[in-house]
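Engineer: Quick one: the structure is below, and I'll ask about it shortly.
Residue numbers (the numbering used here): 72 to 366.
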């Protein structure tokens, strides 16, 4: 983990109807001509680069919502690579948020695409080079293991969905099991089991968990079940989560919790007025200071 004094993750899920003015400028290395998808991808790159430029000093990582890029087809993947490169140039970790989940060969293929790529009879094919990826554990531990193996080979990590921030999470994740505990608590147990051999010098494992900031009442129990996991904490801002409620996530140290904010940063100017870059910078800095105050 970087020594940057922040636990804030910049979420990038570009809305083509709410791009910053910078999106209208030609994006370096991305064609602004051609098909609708190519022009849209160029605009997305311009937007994301501008948001990163404005807020990187207050953040530790950028979380790229893969769906928002992949819906643009091949140009979208090129845009994703360009944005990831720009984030790394600013010293940010790159989190690929795709919530992938499958078994055996398919899981390995997903992992190759998002981490280090693969060797083929035609030569090496590069992956996205993400530092962390989000994965869906619904199919069980063996569906997560290929991601963990690929992450460790690449010096990266995985973030397993445990108790998510959406209201509908209660429909499944909070269900009580016949042998005691809830579904999300069982998922937490899987995270702890898979991460046991990946605990580093900081006390954090390379297998972390997504735990929603909208359910802070679960954080103490989640930390009890996953003492070494880094928690990715979505739901602050637009979903109503509050930084001040998240202290239990940071018990192992500051790297134990990563607070992600997307719309509340990118769209801060809609409420605050003024230019989008300045408003985003102010909001990211406000969140950084609030997180740091948790001690």
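C-beta atoms are modelled at their ideal positions from N, C-alpha and C, and glycine is treated no differently.
Note that the coordinates shown come from a computational prediction; the quantities given were computed from them, not determined experimentally.
Just grab the DSSP bridge partners of residue 190 for me.
Structural biologist: Answer is 195.
Engineer: Could you give the distance in angstroms between the alpha-carbon of residue 21 and the alpha-carbon of residue 233?
Structural biologist: Because the chain is modelled from 72 through 366, residue 21 falls outside the range shown and cannot be assessed.
Engineer: Mapping the DSSP letters down to three states, classify residue 73 as helix, strand or coil.
Structural biologist: Caution is warranted here: a pLDDT of 42 is assigned to residue 73, below 50, making its placement in the model unreliable, and no coordinate value can be reported.
Engineer: With the cut-off set at 8 Å, would you say residue 362 and residue 330 are in Cβ contact?
Structural biologist: Cβ distance < 8 Å, so residue 362 and residue 330 count as in contact.
Engineer: Is it buried or exposed, residue 327, if we count other Cβ atoms within 10 angstroms and call 16 or more buried?
Structural biologist: By the 10 Å Cβ count, residue 327 comes out buried.
Engineer: So the candidates are 95, 185 and 148; which of them puts its Cα closest to the Cα of residue 228?
Structural biologist: The shortest C-alpha separation from residue 228 is found at 185.
Engineer: DSSP on residue 179, reduced to helix/strand/coil?
Structural biologist: Looking at residue 179 - three-state DSSP - the assignment turns out to be helix.
Engineer: Expressed to the nearest angstrom, what Euclidean distance is found between the alpha-carbon atoms of residue 73 and residue 194?
Structural biologist: Below a pLDDT of 50, predicted positions are generally treated as unreliable, and residue 73, at 42, falls in that range; no measurement from the model is reported.
Engineer: Exposed or buried, which one is residue 268 when buried takes at least 16 other CB atoms within 10 Å?
Structural biologist: Exposed, because fewer than 16 other Cβ atoms sit within 10 Å of the Cβ of residue 268.
Engineer: Determine, using beta carbons only, whether residue 206 and residue 243 come nearer to each other than 8 Å.
Structural biologist: For residue 206 and residue 243, no; Cβs fall outside 8 Å.
Engineer: Between the Cα of residue 117 and those of 84, 96 and 213, spot the shortest distance and give me the residue it belongs to.
Structural biologist: The shortest C-alpha separation from residue 117 is found at 96.
Engineer: With DSSP as the reference, please indicate the residues paired to residue 203 in a beta bridge.
Structural biologist: Looking at the DSSP assignment, residue 203 forms a beta bridge with 166 and 228.
Engineer: Given this structure, state the Cα-to-Cα distance separating residue 306 from residue 192, to the nearest angstrom.
Structural biologist: Taking the straight line from one Cα to the other gives about 44 Å.
Engineer: Does residue 288 pass the burial test, meaning 16 or more other C-beta atoms within 10 Å, or should it be called exposed?
Structural biologist: Label assigned to residue 288: exposed.
Engineer: Is residue 171 helix, strand or coil by DSSP?
Structural biologist: Note: residue 171 maps to strand in three-state DSSP.
Engineer: Please say whether residue 130 and residue 81 have beta carbons closer to each other than 8 Å?
Structural biologist: Going by C-beta atoms, residue 81 is nearer than 8 Å to residue 130.
Engineer: Mind pulling the beta strand (DSSP E) runs of 3 or more residues that sit fully within the region 241-298?
Structural biologist: Those beta strand (DSSP E) runs which fall completely within the region 241-298 and span 3+ residues are 278-282.
Engineer: Could you have a look at residue 331 and say whether DSSP puts it in helix, strand or coil?
Structural biologist: Strand at residue 331.
Engineer: Does DSSP put residue 142 in a helix, in a strand, or in coil?
Structural biologist: Reduced to three states, the DSSP call for residue 142 is coil.
Engineer: State the start and end residues of the unbroken alpha helix (DSSP H) segment that holds residue 314.
Structural biologist: Unbroken run through residue 314: none, as it is neither H nor E.
Engineer: Under the assumption that residue 312 contacts residue 236 (Cβ atoms under 8 Å), give the Cβ distance between them as a whole number of angstroms.
Structural biologist: Indeed they touch by this definition, with Cβ atoms about 7 Å apart.
Engineer: Going along the chain, which residues of its own chain have a beta-carbon closer than 7 Å to the beta-carbon of residue 111, five neighbours each way excluded?
Structural biologist: Taken in chain order, the residues that qualify are 87 and 143.
Engineer: Given a cut-off of 8 Å on the beta-carbon distance, is the pair residue 217 and residue 167 in contact?
Structural biologist: Taking 8 Å as the Cβ cut-off, residue 217 and residue 167 do not qualify as a contacting pair.
Engineer: Tell me whether the beta-carbon of residue 201 lies closer than 8 Å to the beta-carbon of residue 163.
Structural biologist: Contact flag unset, no.
Engineer: Got a sec? Which residues, its chain only, sit under 6 Å from residue 365 by beta carbon, not counting five neighbours each side?
Structural biologist: Closer than 6 Å at Cβ, skipping near neighbours: 318 and 321.
Engineer: Roughly how many angstroms separate the alpha carbons of residue 197 and residue 148, rounded to a whole number?
Structural biologist: Rounded to the nearest angstrom, the two C-alpha atoms are 13 Å apart.
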